[in-house]
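Take the sequence shown: its letter number 120 is residue 119 in numbering that gives the first Met the number 0, and every next letter is one higher. C-beta: ideal position from N, C-alpha, C; glycine also. Structure, as structure tokens:
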Amino acid sequence: MATISKKELIDRIADQQDCKRVLVKRVVQAFLDAIVEELGNGNRLEFRDFGVFESRMRASRQAQNPKTMDKVPVPAKRTVKFKVGRVMKRRLHEAPAMLDEATGLAVEASAPRSVRAKVIRPGAAHARVS
Numbered sequence: 000m001a002t003i004s005k006k007e008l009i010d011r012i013a014d015q016q017d018c019k020r021v022l023v024k025r026v027v028q029a030f031l032d033a034i035v036e037e038l039g040n041g042n043r044l045e046f047r048d049f050g051v052f053e054s055r056m057r058a059s060r061q062a063q064n065p066k067t068m069d070k071v072p073v074p075a076k077r078t079v080k081f082k083v084g085r086v087m088k089r090r091l092h093e094a095p096a097m098l099d100e101a102t103g104l105a106v107e108a109s110a111p112r113s114v115r116a117k118v119i120r121p122g123a124a125h126a127r128v129s
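Take a look at the structure:
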């Protein structure tokens, strides 16, 4: 799985749309700034077929330091939830399996939440890896 930076994405869009890179950079940054601003104001952003961004409060809870096993209070905080839209969901479901760089094995793109990764070994049944 490759990581695409904002710069690379801007370069691709500029090439595809035959626009100046500076203009595309301004538009993309303005778009991202507007998303942050609206979420900061508590608004919900809905992009049809792409998905929905929503600001939510995460309740306070008790966590545990795994090293010392001491209880640690974690305060409530605002977080952003993203719900995948119809077109993106279909696109991700149809995407071919990706290779895990560490093992070289194929990892199923749409594994359920309860399974961290489904490893597809050539000539073997599906195995769960946690």
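Give the DSSP-derived three-state secondary structure of GLY41 in the structure shown. coil
Hey, VAL51 and LYS82 are a contact pair by Cβ (cut 8 Å); roughly how many whole angstroms apart? 5 Å
Check PHE30 in the structure and name its three-state DSSP category. helix
For VAL71, which residues does DSSP report across the bridge? ALA62
So is ARG112 buried or exposed if we call it buried at 16+ other beta carbons inside 10 Å? Low local confidence applies: a pLDDT of 47 at ARG112 is under 50, so the model's placement there is unreliable, and no value is given.
Could you tell me the alpha carbon to alpha carbon distance between GLY39 and ALA75, rounded to whole angstroms? The straight-line gap separating the alpha-carbon atoms of GLY39 and ALA75 is approximately 16 Å.
Can you give me the start and stop residues for the alpha helix (DSSP H) that ARG47 sits inside? ARG47 -> no alpha helix (DSSP H), and no H or E assigned at all.
When burial is assigned at 16 or more other CB atoms within 10 Å of the CB, is LYS6 buried or exposed? So LYS6 ends up on the exposed side.
Report buried or exposed for ARG11, applying the criterion of at least 16 other Cβ atoms within 10 angstroms of its Cβ. With fewer than 16 other Cβ atoms within 10 Å, it is exposed.
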